[in-house]
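J.: When we follow UniProt numbering, the leftmost residue of the sequence shown carries the number 1, and every step to the right adds one. For every residue, glycine included, the Cβ atom is placed at its ideal position computed from N, Cα and C. One structure, as structure tokens, below. Some questions next.
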Amino acid sequence: MKAHKMLDMNIIDSNGNSVGKVGNIDINKDNGSITGIEVEERKGILSNQEIVSFNDVDSISDKIMLKNMKD
Numbered sequence: 001m002k003a004h005k006m007l008d009m010n011i012i013d014s015n016g017n018s019v020g021k022v023g024n025i026d027i028n029k030d031n032g033s034i035t036g037i038e039v040e041e042r043k044g045i046l047s048n049q050e051i052v053s054f055n056d057v058d059s060i061s062d063k064i065m066l067k068n069m070k071d
């Protein structure tokens, strides 16, 4: 899958809850690998962004599923 196709994809946590959409993708410019995704959560006119390591992604299909992440 091309990285730009992940933009605006729904991101789902390991419990099946939607945590937001892909707002941006961090790419390692030395080797071209994806290092992280920006989770964008919108509530009304406000938005909140958080970067999730690409290592925390479990699978990608029509949505992005995250691994079980512990605080």
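Can you have a look at Ile37 and say buried or exposed, based on whether 16 or more other CB atoms are within 10 angstroms of its CB?
T.: With 16 or more other Cβ atoms within 10 Å, it is buried.
J.: If you draw a straight line from the alpha carbon of Ser33 to that of Ser14, how long is it in whole angstroms?
T.: Roughly 24 Å between the two C-alpha positions.
J.: Which residue's Cα is closest to the Cα of Asp8: Ile60, Asn24 and Ser18?
T.: Asp8 has its Cα closest to that of Asn24, out of Ile60, Asn24 and Ser18.
J.: Which residue's Cα is closest to the Cα of Lys67: Met1, Ile11, Lys29 and Glu50?
T.: The option with the nearest alpha carbon to Lys67 is Ile11.
J.: Taking only the alpha-carbon atoms, compute the straight-line gap between Ser18 and Ile60 and give it to the nearest angstrom.
T.: Those two C-alpha atoms are separated by around 14 Å.
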